[in-house]
Amino acid sequence: LVDALKNNTSLTNLSLSGNDEITVEGMKSCLRLVNDISSINATLQSNHTLTWLNVEYSEKKDRRGVFESKIQRLISDAVTINMSSYVARVGKRKTIQTQLNSAKRKELADLQGVTRSLYSEINPLHLPEVLALISKEHGQGELYIALKSSIAGVMSTVNRKQCLKQRRAHYEVRIAEYRAMIAQHYTEVETIDAEIAAIEEADSTGIGTESRSSKRRRA
């Protein structure tokens, strides 16, 4: 059922509650369907059409019941984002609210068996923008956690940025040299064209003079 719903773009409401055949692993699969936390791309490609998905079965307050309620809560969070945002923006909003929030991401990652760091898949050159977004959306506390988690990437960004600036300066110098060379060649071409034009004019004048002299001799 989850596999069939991965590419769903029409079904918006699905209730599977009261079905005692659904295991905890099955509920986790439903959670992964609407918010796959394994990577940013996976989150962006999650199902953004379902706006109601109920899979909770147990109403008991035992360990399984509490666990099911936790999974159902996270599923409800995901489908609420689906319902509250334009389709084109749902993936981005879901990424910001879950991938860029350390507590929510950890909760989802633990349930989905994800151990990789979020920052391992972010290009260090994009880290400043990501950190600014975290500060804007989740506050200074989350920014501090993000900085601790991404400090190696931030440092490599500084080094990478300096390296890129040096390379850019090098190529700017080479461009200036080539432009000067091209300008010099244009000057040479203009000089040659002027000399050719002078020769052609002289040849034309010489031919005209010779023609008039021949006419006078025949006369």
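For reference, each letter of the sequence shown is one residue, going 830 to 1048 in my numbering.
Glycine residues also receive a C-beta, built at the ideal position from the N, C-alpha and C atoms.
* Given L843 as reference, the closest of L862, E854, V895 once Cα atoms are compared -> L862
* Determine the direct distance from the alpha carbon of I1028 to that of H999, and round the result to whole angstroms. => 44 Å
* Asked: Exposed or buried, I852, counting other C-beta atoms within 10 Å across all chains shown (16 or more means buried)?
  -> Ile is not the amino acid found at residue 852; the sequence shown has Thr there. Exposed.
* CB-CB under 8 Å to Q928, same chain, minus the five flanking residues each way: which ones, in chain order? -> I866, I869, T872, R934, L947
* What residue does the alpha helix (DSSP H) around S858 start on, and which one ends it? -> 853 to 863
* Asked: Can you tell me the Cα-Cα spacing of A961 and L845, whole angstroms?
  -> 40 Å
* How about L860 and L903: do their beta carbons lie closer than 8 Å? -> yes
* Can you tell me whether I910 is buried or exposed, with buried defined as 16 or more other CB within 10 angstroms of its CB? -> buried
* To do: Take R918 as the anchor and find which of I951, T878, Q941 has the nearest alpha-carbon.
  => T878
* C-alpha distance - L840 paired with L882, whole-angstrom precision -> 10 Å
* Counting only the same chain and skipping the five closest in sequence on each side, list residues whose C-beta sits under 8 Å from that of Q837. => For the sequence presented, residue 837 should be read as Asn rather than Gln. Same-chain partners within the cutoff: N876, T878, L879.
* **Spatially closest choice to Y973 from N952, Q1013, S931, by CA coordinates** => S931
* How far does the beta strand (DSSP E) with N842 in it reach, from first residue to last? -> 842 to 844
* Hey, S858 and V895: beta-carbon distance below 8 Å or not? -> Taking 8 Å as the Cβ cut-off, S858 and V895 do not qualify as a contacting pair.
* To do: Determine, using beta carbons only, whether A961 comes closer than 8 Å to chain B.
  => In summary, chain B is missing from the structure at hand, where a single protein chain is found.
* To do: Work out the CA separation of E1019 and D1032 for me, nearest whole Å.
  => So the two alpha carbons sit approximately 20 Å from each other.
* **Beta-bridge partners of N883, as assigned by DSSP** => The partner list for N883 (beta bridge, DSSP) reads S844.
* **Element boundaries [alpha helix (DSSP H), containing R934]** => 931 to 941
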